[in-house]
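What follows is a single structure, written as structure tokens, with notes after it.
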Amino acid sequence: MVSFEERHLRLIEIVAEVFAASGRWPKYAYVEAVLDHKHGLNYDDVIVDLPARTVWSPSGVGPQSEVIAGVPALAAIPALADDLQRFLAVVAMLAARELEYTPAVDAPRELSVSGADVLAAGGIDAGDRLAVTKLHALIDAEFIVSFSGGIEAEWSLAVDRRVRPFRGVQSIDEYCARRWTPPTYQPAAAAELAPSILIVMPFEHEWSNNVHDMIELACGEVAATVADLRWQRADGISEPGRITDQIVNAILNAALIVADVTGYNPNVMFELGFADAAGKPIVVLNQNLDENPFDIKDWRAIVYDPARLADARTELVSFIRGGLVAARRGA
697 MVSFEERHLR
707 LIEIVAEVFA
717 ASGRWPKYAY
727 VEAVLDHKHG
737 LNYDDVIVDL
747 PARTVWSPSG
757 VGPQSEVIAG
767 VPALAAIPAL
777 ADDLQRFLAV
787 VAMLAARELE
797 YTPAVDAPRE
807 LSVSGADVLA
817 AGGIDAGDRL
827 AVTKLHALID
837 AEFIVSFSGG
847 IEAEWSLAVD
857 RRVRPFRGVQ
867 SIDEYCARRW
877 TPPTYQPAAA
887 AELAPSILIV
897 MPFEHEWSNN
907 VHDMIELACG
917 EVAATVADLR
927 WQRADGISEP
937 GRITDQIVNA
947 ILNAALIVAD
957 VTGYNPNVMF
967 ELGFADAAGK
977 PIVVLNQNLD
987 ENPFDIKDWR
997 AIVYDPARLA
1007 DARTELVSFI
1017 RGGLVAARRG
1027 A
């Protein structure tokens, strides 16, 4: 189990109390105020040396930003033991399903597990809204699978290789030991780092090249007023080494992420989730907002028609400019 200092535990307790009562994550403004008023602690001083991926605020420290606690942090709260055990049972089931599944030779990988099967694995009654909401929040926070659908309707989980480390997992301590944590990178110094945009999108669709060209044109238009602006598509990263590490490094060094989530490609969703956890400004593109996984439905998104990319380009230029301003302000 991860060890925390007393000041870390005070922060975790504030987040966990809201989560236990509602299944939701508290807003930064609430957490920061309670931490100060009740415990005399400064949020920035507490968060700065927390172990990686234990407590974080994906969207920075704005008044509407949420503060999320991962499984290692919540494991420090005895009252949440049952919720974590239900989550663990679900993860073990998903890892077992993934091991049994081999996609067709000529088909994209697609393994979907129904919400009913997920709840059965966790021993959760579909009518227990609080338990269901908590499970959704934990799965979303840990980002080892992707959602399709919403809590108010039928939903499922898209399962991919991210669950493989958890095959046969039997305890929360074991889960935490296998859990991925970001590698330590040394981003370029601010003086050396020109503003950059990372383009994250699926590569295999017939519309992919046209959409990528549209994004590049939008970046070029913004570059006319932003000195030294650079951009690259994630599949353009060709340095030797593990591609996952390279993309993580590119995300950490990017000022802005442009992500096309059409079809919620698992790799795109993984990269998008990491960028969100790193607090990067994100511009989301989608051809059908109704098909967004429920956990990103509230994000600002450009819904576009692939036959009308000129319209999308105009809107994207505005969003990119706003995102780069947010990046300069440290949002």
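In terms of my numbering, the sequence shown opens at residue 697 and continues consecutively. Backbone N, C-alpha and C define an ideal beta-carbon position, used for all residues, glycine too.
Your pair Gly766 and Glu838 checks out as a contact, with CB atoms roughly 7 angstroms apart and the cut at 8 angstroms. With contacts defined by Cβ atoms closer than 9 angstroms, Arg1009 and Glu917 form a contacting pair. With fewer than three CB-CB distances shorter than 8 angstroms, the segment 716-727 does not count as touching the segment 812-821. Residue environment for Met897: buried (at least 16 other C-beta atoms within 10 angstroms of its C-beta). The Cβ neighbour count for Arg860, taken over all protein chains shown within 10 Å, is under 16; the residue is labelled exposed. In chain order, Val814, Ala817, Gly818, Leu831, Ile835 place their CB closer than 8 angstroms to the CB of Val786, counting only its own chain and leaving out the 5 sequence neighbours on each side. In terms of Cβ geometry, Val980 and Leu952 do not form a close pair [threshold 9 angstroms].
When rounded, the separation of the alpha-carbon atoms in Ala873 and Thr921 is 47 angstroms.
A distance of 9 angstroms or more separates the beta carbons of Val730 and Ile708. Phe970 and Val944 have their alpha carbons spaced roughly 8 angstroms apart. Pairing Cys915 with Ile998 gives a Cβ-Cβ distance that is not under 9 angstroms. Contact between Leu1005 and Val855 does not hold, since their C-beta atoms are separated by about 32 angstroms, which reaches or exceeds 8 angstroms. In this structure, Ser892 and Asn949 form a Cβ contact; the two beta carbons are roughly 7 angstroms apart against a cut-off of 8 angstroms.
For Val980, the enclosing beta strand (DSSP E) begins and ends at 978-982. Remark: C-beta atoms of Ser753 and Gly975 approach each other more closely than 9 angstroms. For Arg1004, the three-state secondary structure derived from DSSP is coil.
Rounded to the nearest whole angstrom, the CA to CA distance from Ala827 to Phe899 is 37 angstroms.
For Ser904, the three-state secondary structure derived from DSSP is helix. Secondary-structure assignment with DSSP links Ser867 through no beta bridge to anything. About 7 angstroms separates the Cβ atoms of Val841 and Arg858, confirming a contact at the 8 angstroms cut-off. For Ile953, the enclosing beta strand (DSSP E) begins and ends at 952-956.
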